[in-house]
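Position 47 of the sequence shown, counted from 1, bears residue number 463 in the working numbering, the numbering being contiguous throughout.
Following: one structure in structure tokens, then a few remarks.
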Amino acid sequence: MDFMKMMKQAKQMQEQMGSLQEQISDIEAEGVSGGGLVKVVLNGKGEMKSLKIDPSLFTEDDVEILEDLIIAAHTDCKAKTEAAIQEKTQELMGSLGLPAGMKLPF
Numbered sequence: 417m418d419f420m421k422m423m424k425q426a427k428q429m430q431e432q433m434g435s436l437q438e439q440i441s442d443i444e445a446e447g448v449s450g451g452g453l454v455k456v457v458l459n460g461k462g463e464m465k466s467l468k469i470d471p472s473l474f475t476e477d478d479v480e481i482l483e484d485l486i487i488a489a490h491t492d493c494k495a496k497t498e499a500a501i502q503e504k505t506q507e508l509m510g511s512l513g514l515p516a517g518m519k520l521p522f
């Protein structure tokens, strides 16, 4: 009887993990740097979906600044997507009755 319950829970967890991975793919976050001069959008998989650069940064003297701002916006956005993924993971673990600190296989 206990074994059947465990199998049912394992199947439920597998289904919810698939759902979580879909939800992570749907996450999008925007990272900003330079007071909004550079904006980056990433999805939950870390893929860059868009990059916006204010035209005022397109001068030869500002190339290094622009490069730094792109990296800063990407870093900001990556932190936001990771936080959103962590939140979704915690929601799933709570619904399954798993301990909050438990590491999942991804």
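Note that CB positions come from ideal geometry on N, CA and C, so glycine has one too.
Just so we're clear, the structure is a prediction, and the values are computed from it rather than from any experiment.
Spatial neighbours of Glu-463 within its chain, please: C-beta separation below 6 Å, excluding the five flanking residues on both sides.
Within the sequence shown, residue 463 is the residue found at index 47, counting from 1. Cβ within range, chain order: n/a, list empty.
Counting pairs of Cβ atoms below 8 Å between the stretch 502 to 509 and the stretch 464 to 483, do you hit three or more?
At 8 Å Cβ cutoff, the stretches do not touch.
Verify whether the separation of the beta carbon atoms of Ala-495 and Gly-460 is less than 8 Å.
Counting from one through the sequence shown, the residue named residue 495 turns up at place 79. Counting from one through the sequence shown, the residue named residue 460 turns up at place 44. No, Cβ-Cβ distance for Ala-495 and Gly-460 is not below 8 Å.
State the start and end residues of the unbroken alpha helix (DSSP H) segment that holds Ile-440.
In the sequence shown, residue 440 corresponds to position 24, counting from 1. From DSSP, the alpha helix (DSSP H) with Ile-440 extends over 418 to 442.
Report yes or no: do the stretch 477 to 496 and the stretch 443 to 450 share at least 3 C-beta pairs separated by less than 8 Å?
Taking 8 Å as the limit for Cβ pairs, the verdict is that the stretch 443 to 450 does touch the stretch 477 to 496.
With DSSP as the reference, please indicate the residues paired to Ser-449 in a beta bridge.
As a working mapping, residue 449 is identified with position 33 in the sequence shown. Paired residues: Val-454.
For the beta strand (DSSP E) that Leu-467 lies in, which residues bound it at each end?
Against the sequence shown, residue 467 aligns to sequence position 51. Residues 464 to 469.
Let me know if Val-479 comes out buried or exposed under the rule of 16 or more other beta-carbons within 10 Å of its beta-carbon.
Taking the first residue of the sequence shown as position 1, residue 479 is located at position 63. Under this definition Val-479 is an exposed residue.
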